[in-house]
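2 protein chains.
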Amino acid sequence: MLFTPRTPRVVAARRLHRRRDRETTGRFLAEGPQAVREALTRPGVLTELFGTPAALDRYAALAAAATQAGVPVSAVTDEALAALAETVAPQGLVAVCARLDVPLAAALAGPPRLVAVLAGIRDPGNAGTVLRTADAAGAAAVVFAGEAVDPYNGKCVRASAGSLFHLDVVRAGDPAAVLAAARGAGLRVLAATGYGDTDLDDLADAGALAAPTAWLFGSEAHGLPADLAAAADARVRVPLHGRAESLNLAAAAAVCLYASARAQR
Amino acid sequence: MLFTPRTPRVVAARRLHRRRDRETTGRFLAEGPQAVREALTRPGVLTELFGTPAALDRYAALAAAATQAGVPVSAVTDEALAALAETVAPQGLVAVCARLDVPLAAALAGPPRLVAVLAGIRDPGNAGTVLRTADAAGAAAVVFAGEAVDPYNGKCVRASAGSLFHLDVVRAGDPAAVLAAARGAGLRVLAATGYGDTDLDDLADAGALAAPTAWLFGSEAHGLPADLAAAADARVRVPLHGRAESLNLAAAAAVCLYASARAQR
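Residue numbers (this note's numbering), protein chains in the order written: chain A, 213 to 477; chain B, 213 to 477.
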């Protein structure tokens, strides 16, 4: 018997497309074999796995690993899989996962050498891409602060390409409090802003990027609030050599985080 | 009399949403006041301007500049504007522009110090974002080679945020021929690939990024064809410090192009 779109467990899982239900249950959905593989590396994170018979056959090792971890694995119809997935081609697998964010204090213990703080970033694709880039650059944590997108939004999960499972994800309230906590943990707080008075290259030349650093990024539409930028240790602009008026968020974050990574090697 | 969606000139302009009609006419559409402003900086590029009465009033100086440049400016209904625009909020203006790509030989004359070559990149949003980043990094030209997206695709034009009008855009055929031409113009050809045997930081440390450079980027889905990567002067990987398996195209291009920009200062 395959689960259909009306099977109660499929119905319950589908509700996780809504932020409210993610908040209530502490669960979210992740699509595709790569996400399942990543979730399995974090004990207790994978809580349920749905797959079409063809997918459960093709990814039999993953399904077996889930079963051995005590995770219920259920075969579903193509219609049920389509109802669970947001993408056209999730390769037949959708996982229910437990939220894995950690408290800010836990992420700042250590302390980490590189952290990205997203202040009020609403676009899930942008947020997920920065998560992926932060992971690639070796950041230990990404903090979603203020009126930010839900890190477990489906589009954010997909754009992170697995990185959501790799580093510490923090959901915090007031960005100013995050900034103060980061500084308290010994990190230098750098606000990335097109209006910054400090050039990123000059900072790199001065050897100022080797210190433990928290990068603060604002939304592409609204930038960083002035008071938040003012509270950082420096306001840093990526140099614009041509005639572009600005960089998009993902590109600016890539340049800033990789400048730190290079200095911290 | 406002133009409606059925007015022949509106009907003709709407057809430019289709690539075939862009190819036939040599025209494309650009939305919003920023695009109009940019198009006006390039003589002969803006060929027609449509706006709602409210937008033509709000951007009266732009409309006047268009008229003075001999460009027909027409007031259209909200319905006609919506038919011409692909976005929900184009701020009331849609411009018809003449294609502004230049031959490869013209773009390589000089020669330029920094060029981006997009080989077989199909996603218009990615291509437009790389255009914008290349402009910001000071690249003189972006070459669309092989089975690439049309640079005048609406989504690419919008993602470029005006940069389409700033630098030399080239539409070329065979990427291998582009590579040979770039090398013939004295540029070092660097293929960006996750499987590269050369680390970007090592290349920077060795001072090898200061030379005039053409960066070669492949699609995120398929990467660079092996023979093309093999024909480059070096195959360069952006270092992955964390556990991410790769960077997305826009982030990788930002890191590579800015590494060159920094070395070429």
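All residues carry an ideal CB built from backbone N, CA and C; glycine is no exception.
Since residue i is in the beta strand (DSSP E), which residue starts that stretch and which ends it?
i, result
"Ser286 of chain A", "Val285 to Ala287"
"Glu457 of chain B", "Careful: Glu457 of chain B lies outside any beta strand (DSSP E) and carries neither H nor E."
"Gly430 of chain B", "Thr425 to Gly430"
"Val401 of chain A", "Arg400 to Ala404"
"Asp380 of chain B", "Asp380 to Arg383"
"Leu258 of chain B", "Leu258 to Gly263"
"Leu305 of chain B", "Leu305 to Ala310"
Using only the alpha-carbon positions, how far apart do residue i and residue j sit?
i, j, result
"Gly430 of chain B", "Val355 of chain B", "12 Å"
"Arg455 of chain A", "Arg221 of chain A", "54 Å"
"Ala353 of chain A", "Ala328 of chain A", "7 Å"
"Pro245 of chain A", "Pro324 of chain A", "30 Å"
"Ala388 of chain B", "Trp427 of chain B", "13 Å"
"Thr289 of chain B", "Ala373 of chain B", "25 Å"
"Arg249 of chain A", "Ala446 of chain A", "39 Å"
"Tyr407 of chain A", "Ala418 of chain A", "20 Å"
"Leu402 of chain A", "Val448 of chain A", "7 Å"
"Val223 of chain B", "Pro217 of chain B", "6 Å"
"Pro437 of chain B", "Ser458 of chain A", "31 Å"
"Cys309 of chain B", "Ala267 of chain A", "48 Å"
"Thr341 of chain B", "Pro255 of chain A", "37 Å"
"Phe377 of chain A", "Leu312 of chain A", "8 Å"
"Val306 of chain B", "Asp413 of chain A", "38 Å"
"Met213 of chain A", "Arg232 of chain A", "31 Å"
"Arg383 of chain A", "Ala331 of chain A", "11 Å"
"His453 of chain B", "Ala473 of chain A", "8 Å"
"Leu440 of chain A", "Cys468 of chain B", "30 Å"
"Val159 of chain A", "Leu228 of chain A", "For chain A, the structure presents residues 213 to 477; residue 159 of chain A sits outside this window and is missing."
"Arg477 of chain B", "Ala471 of chain B", "10 Å"
"Ala276 of chain A", "Thr264 of chain A", "15 Å"
"Thr259 of chain B", "Glu260 of chain A", "58 Å"
"Ala371 of chain B", "Ala339 of chain B", "8 Å"
Going by other Cβ atoms of all chains shown within 10 Å of its Cβ, with 16 needed for buried, is residue i buried or exposed?
i, result
"Ala225 of chain B", "buried"
"Gly435 of chain A", "buried"
"Gln303 of chain B", "buried"
"Arg234 of chain A", "buried"
"Ala462 of chain A", "buried"
"Thr279 of chain A", "exposed"
"Gly396 of chain B", "exposed"
"Glu359 of chain B", "exposed"
"Ala433 of chain B", "exposed"
"Asp386 of chain B", "exposed"
"Thr299 of chain B", "exposed"
"Ala272 of chain B", "exposed"
"Ala247 of chain B", "buried"
Tell me the residue span of the alpha helix (DSSP H) that contains residue i.
i, result
"Ala275 of chain A", "Ala272 to Gln280"
"Asp233 of chain B", "Arg231 to Thr237"
"Asp290 of chain B", "Asp290 to Leu296"
"Asp414 of chain A", "Leu412 to Asp417"
"Arg370 of chain B", "Gly366 to Ala371"
"Gly337 of chain B", "Pro336 to Ala348"
"Val222 of chain B", "Pro220 to Arg226"
"Ala393 of chain B", "Pro387 to Gly396"
"Glu250 of chain A", "Gly244 to Leu252"
"Leu330 of chain A", "Looking at the DSSP string, Leu330 of chain A is not in any alpha helix (DSSP H); the run it does join, the beta strand (DSSP E), is Leu326 to Ala331."
"Leu440 of chain B", "Ala438 to Ala443"
Give the C-beta separation of residue i and residue j to the nearest angstrom, bearing in mind that I take them to be a contact with Cβ-Cβ under 8 Å.
i, j, result
"Leu391 of chain A", "Ala444 of chain A", "7 Å"
"Ala292 of chain B", "Phe215 of chain B", "5 Å"
"Thr425 of chain A", "Leu326 of chain A", "6 Å"
"Ala357 of chain B", "Leu379 of chain B", "The pair is not a contact, with the Cβ atoms about 16 Å apart (cut-off 8 Å)."
"Ala475 of chain A", "Ala394 of chain A", "Contact doesn't hold; Cβ gap of about 18 Å is too wide."
Between the segment 332–345 of chain A and the segment 304–318 of chain A, are three or more C-beta pairs nearer than 8 Å? Cβ pair count under 8 Å is below three, so no.
Quick check: the segment 235–242 of chain B against the segment 362–372 of chain B, are there 3 or more CB pairs under 8 Å? With three or more CB-CB distances shorter than 8 Å, the segment 235–242 of chain B counts as touching the segment 362–372 of chain B.
Can you confirm whether the segment 282–298 of chain A touches the segment 341–350 of chain A when touching is taken to mean that 3 or more C-beta pairs between the two stretches lie within less than 8 Å? Touching, no, given that fewer than three Cβ pairs across the two stretches are closer than 8 Å.
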